[in-house]
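Read through the structure below, which is laid out as structure tokens, and then see the notes.
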Amino acid sequence: MPKVFYNIFLLLFRAGICIASIWNKKVQLWRIGRKDIFERLKSEIRNLPAGRQGPKSEIVWFHCSSLGEFEQGRPVIENLKSKYPNSQLLITFFSPSGFEIRKDYKGVDWVFYLPMDSKTNAKKFFDIVNPALVVFVKYDYWYYYLTECKKRKIPLLMVSAIFRKNQIFFRWYGSLHRKMLQCITHFFVQDESSKSLLQNLNINNVTVAGDTRFDRVVTVAENFKPIDEIEKFCGASKILVAGSTWPNDEKIIKEAIASFPDLKLIIAPHEIHGEHLNLLKNIFTNSVFFSELRTLNSELTTTNTLIIDNIGMLSKLYRYASITYIGGGFDKGIHNVLEAAVFGKPVIFGPKFEKFKEAVELIKAGAAFSVNNKEELKTQMDLLLTENDFYKKSCETAKGYVFENRGATEKIVQYIQENRLFTN
């Protein structure tokens, strides 16, 4: 019976995609990206470069739901590629926000959308790709793909996974999802709580490895290169870098920074479509787009707000911050706080952070702060900007927290090597 409901869900999902694609551009990308996907998979994967073909496939398939999961899996991808330079790596994405940004990623051989889950699609996919190893990042449980993988006895790892007791796996009606968990060869979870929850289901193939995002942000920080345009904009001013913001964030930021006339703002919105960028221009009247910087160098002394109108720069921008603000906390939940903390910067965000382990721990440590409104944001900013000892301790704690939690990638790759899951 649970499988019946799952199949109904898939049918309704497909119908919803067809309807929503009429007006929603992101859904249109989701649908267009999967057109003729099996023909394209077959054409590209079977057409391997000279010297890379052999009787036994050594393809490693990584699946990431979206861009955040890609960044989480990236340290493992790049580590494997470094250790096995002749390997053939495939990444699939479920979401356009991941695929459209990373479709030209040079660290792997192929980047595709994941075909919609179904018994037929899963069989076709495995017939074409025939991976030697499968790695799912954090979550995205698709019944037919997981069961087909198990049926073919292909090792399947779940990395940087995190579980909470209110998830469907631990509910009385979650039998189908518990069956999915039985398809995983080994879980690399972020914390002991996740391990305990799985053990309560008699799942013991679990290692507490931590979160690979710590490894990723450390790599970014250690390979930081200055951005000339940003340095000219910042000058000697104190800087608030606000990343992955939504309109609710932007509203309170605008009202709070009015009390700090000498503070400059760099804001990198989560959505950079024209409508949102124009809205930001109207909100922050004394502003300039990053794309305009090179032609406006002489006018930067009078501009106090820089709007980032590109994707891919944000993780480096936090290096220039005095204080950082992470968006999403007034909507579905905050974005990546580790990108800011790794540079030793205090982090501020909205009230919806409880599901994010690193945010909770940074607050407890005194390196992050949650605000509910513009008054609280103003108060917290004032405290950080005027109390030097408090500020310095917050900075040191933030950086120390990130560096102390490195190492998940090494544990995962070591497991792969020791168990000879991949030998190419």
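Following this note's numbering, the numbering of the sequence shown begins with 13 at its first residue and continues without gaps.
The beta carbon of each residue, even a glycine, is placed where N, CA and C say it ideally should be.
All values derive from a computational prediction rather than experimental measurement.
Kindly list the residues whose CB is nearer than 8 Å to the CB of residue i, restricted to its own chain and excluding five residues on each side of it in sequence; keep chain order.
| i | result |
| --- | --- |
| Arg43 | Ile29, Cys30 and Ser33 |
Measure the C-alpha to C-alpha separation of residue i and residue j and round it to an integer number of angstroms.
| i | j | result |
| --- | --- | --- |
| Ala410 | Glu373 | 10 Å |
| Val253 | Leu305 | 17 Å |
| Thr197 | Val383 | 41 Å |
| Leu169 | Val146 | 6 Å |
| Asn98 | Glu283 | 37 Å |
| Ala62 | Pro127 | Below a pLDDT of 50, predicted positions are generally treated as unreliable, and Ala62, at 42, falls in that range; the measurement from the model is reported next regardless. Rounded to whole angstroms, Ala62 to Pro127 spans 28 Å at the Cα level. |
| Gln65 | Ser94 | Only weak support exists for where Gln65 lies, its pLDDT of 46 falling under 50; the coordinates are left without a value. |
| Leu433 | Phe199 | 14 Å |
| Lys250 | Glu267 | 18 Å |
| Thr314 | Pro281 | 22 Å |
| Ser205 | Leu277 | 39 Å |
| Ile360 | Tyr403 | 13 Å |
| Asp394 | Phe381 | 13 Å |
| Leu326 | Asn417 | 22 Å |
| Asn19 | Gly412 | 47 Å |
| Val201 | Glu112 | 28 Å |
| Pro67 | Gln429 | Low confidence applies to Pro67: its pLDDT is 43, below 50, so where it sits in the model is not reliable, and the reading given next is rough at best. So the two alpha carbons sit approximately 21 Å from each other. |
| Lys207 | Gly45 | 36 Å |
| Ala233 | Gly222 | 19 Å |
| Asn431 | Val425 | 10 Å |
| Lys115 | Trp154 | 22 Å |
| Leu210 | Cys246 | 48 Å |
| Asp227 | Asn178 | 28 Å |
| Lys237 | Leu329 | 11 Å |
| Ala270 | Thr297 | 12 Å |
| Tyr151 | Tyr96 | 25 Å |
| Glu70 | Thr317 | 50 Å |
| Ser406 | Glu370 | 15 Å |
| Glu387 | Gly80 | 31 Å |
| Tyr337 | Ala377 | 17 Å |
| Trp73 | Lys357 | 36 Å |
Return the chain-ordered list of same chain residues with a C-beta closer than 6 Å to the C-beta of residue i, the five sequence neighbours on each side being excluded.
| i | result |
| --- | --- |
| Ser136 | Contrary to the premise, residue 136 reads as Lys rather than Ser in this sequence. Hits under 6 Å: Phe50. |
| His189 | Ile180 and Phe181 |
| Arg225 | Gln84 and Leu350 |
| Leu289 | Asp321 |
| Leu292 | Ile319 |
| Thr104 | His75, Phe124 and Leu126 |
| Leu389 | Ile264, Ala268 and Val383 |
| Leu53 | Ile140 |
| Pro167 | Leu145, Thr197 and Leu433 |
Going by DSSP, what residue range makes up the alpha helix (DSSP H) through residue i?
| i | result |
| --- | --- |
| Gln100 | That residue, Gln100, is in no alpha helix (DSSP H); its beta strand (DSSP E) goes Gln100 to Phe105. |
| Val425 | Ala420 to Glu430 |
| Ser109 | Pro108 to Arg114 |
| Trp42 | Lys37 to Ile44 |
| Lys207 | Glu204 to Gln211 |
| Glu304 | That residue, Glu304, is in no alpha helix (DSSP H); it is neither H nor E in DSSP. |
| Lys328 | Leu326 to Leu329 |
| Glu160 | Tyr155 to Lys163 |
Could you check what DSSP says for residue i in three-state terms: helix, strand or coil?
| i | result |
| --- | --- |
| Phe245 | helix |
| Ala32 | helix |
| Trp184 | coil |
| Cys76 | strand |
| Met170 | strand |
| Lys276 | strand |
| Gly255 | strand |
| Leu145 | strand |
| Leu291 | helix |
| Thr5 | Outside the modelled stretch of the chain, which goes from 13 to 436, sits residue 5, for which no answer is possible. |
| Ile71 | strand |
| His198 | strand |
| Pro87 | helix |
| Pro238 | coil |
| Pro97 | coil |
Near residue i, which residues of its chain fall below 7 Å by C-beta distance, leaving aside the five closest residues on each side in sequence?
| i | result |
| --- | --- |
| Ile57 | Trp122, Ile140 and Val141 |
| Arg164 | Phe138 |
| Lys15 | Leu188 |
| Glu366 | Val372 |
| Val4 | With the chain covering 13 to 436 only, the question about residue 4 has no answer from this structure. |
Taking only beta-carbon atoms, is residue i less than 8 Å away from chain D?
| i | result |
| --- | --- |
| Phe296 | Looking for chain D here will not work: only one protein chain is present. |
Could you pull the start and end residues of the beta strand (DSSP E) that residue i belongs to?
| i | result |
| --- | --- |
| Thr336 | Ile335 to Ile338 |
| Ala380 | Ala380 to Ser382 |
| Thr219 | Val218 to Val220 |
| Ser299 | Ser299 to Phe301 |
| Phe124 | Trp122 to Tyr125 |
Hey, would you say the C-beta of residue i is under 7 Å away from at least one heavy atom of the ligand GDP?
| i | result |
| --- | --- |
| Leu79 | Ligands displayed in this structure: none; no statement on the ligand GDP is therefore possible. |
*Along the chain, which unbroken stretches of the alpha helix (DSSP H) at least 4 residues long are found entirely within the stretch 342 to 414?*
350 to 353, 369 to 377 and 386 to 398
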